[in-house]
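**Q**
There are 2 protein chains.
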Amino acid sequence: MEDKKELGRHIILELYDCPEHRLNDIPLLESSLCRAAGAMGATVVTSRFHQFAPHGASGVVIIQESHLTIHTWPEYRYAAVDIFTCGEIDMERGVQYLEKALAAGHSDWRLLKRGLGLVRGQQPTNK
Amino acid sequence: MEDKKELGRHIILELYDCPEHRLNDIPLLESSLCRAAGAMGATVVTSRFHQFAPHGASGVVIIQESHLTIHTWPEYRYAAVDIFTCGEIDMERGVQYLEKALAAGHSDWRLLKRGLGLVRGQQPTNK
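Protein sequences, first through last, are from chains W and Y.
14 is the number of the first residue of the first sequence in this note's numbering; add one for each residue after it.
14 is the number of the first residue of the second sequence in this note's numbering; add one for each residue after it.
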């Protein structure tokens, strides 16, 4: 393993000022996350979504390269999205897709590198 | 809404030096995440786990208060865990539970506050 190379890349995406009805629309949310995965070049393995009462939703799409999750607060027009990947994935395409799909008025995101605390120069075991 | 109060709290947990067999054991991983949710006082809604070939696993537990996810790299004895909650949840209990359940040799974690970019003083719509 290359010294101090991350194992996973994790985007923390905040979507603000989204139309409330989109944030309560489970089919739209599920298709948006799956299509965002496709836009990044990722492969969807499985997904699960849940509608909360009286409003709000949570969902996850497991991809071959890790996951996407979303939690929505329609009453604040806000959605918290995570995109976690490993491998050669164009994550910014996923961000751009979701900003449009949920019609976010504004957004911000940051990239976290995961697994950086491995012992320097640690090699994987022979599998 | 209180000024600059977060909507969600998100722990980024890195578990290192875990026994490889635990990181490939889907029933163990699933029960560990569900029990960690219980230890925090959270309510499990649904879960989904996936075993990758030749090794490694991904899983998510959706809780009433948001989610837990895990991705494992047994070949690096590493697991990336996320605990995302809203409401009054004792997240550190979940961290402690998972450190023990996966027998991590060492770990680190940090807390992110989600949804801080809401317009100051924004009130939820009347639902």
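All residues carry an ideal CB built from backbone N, CA and C; glycine is no exception.
Model, not experiment: these values are computed from the prediction.
#1: Please list, in chain order, all residues of the same chain as Arg106(W) whose beta carbon is under 7 Å from its beta carbon, the five residues on each side excluded.
#2: Whose C-alpha, out of Arg22(Y), Glu19(Y), Cys31(Y), Lys18(Y), is nearest the C-alpha of Ser120(Y)?
#3: Met104(Y) to Arg22(Y), Cα distance in whole Å?
#4: Could you tell me if His80(W) is buried or exposed, where buried requires 16 or more neighbouring beta carbons within 10 angstroms of its beta carbon?
#5: Can you name the start and end residues of the beta strand (DSSP E) that His68(Y) belongs to?
#6: Between His80(Y) and chain W, is there a C-beta pair that is closer than 7 Å?
#7: Of the choices Gly130(Y), Ala55(Y), Glu33(Y), whose alpha-carbon is the least far from that of Thr85(Y)?
#8: Which same chain residues, not among the five before or five after Lys126(Y), have their C-beta less than 7 Å away from its C-beta?
#9: Would you mind telling me which residues of chain Y sit closer than 8 Å to His63(W), beta carbon to beta carbon, in chain order?
#10: Just to confirm, is the Cβ distance from Val57(W) to Val74(W) under 7 Å?
#11: Going by the CB atoms, is the gap between Glu78(W) and Ile96(W) shorter than 7 Å?
**A** Taking the geometry as given:
#1: Ala52, Met53
#2: Cys31(Y)
#3: 9 Å
#4: buried
#5: First-last for His68(Y): undefined, no H or E at that position.
#6: yes
#7: Glu33(Y)
#8: Glu19, Arg22
#9: Val58, Thr59, Ile75
#10: yes
#11: no
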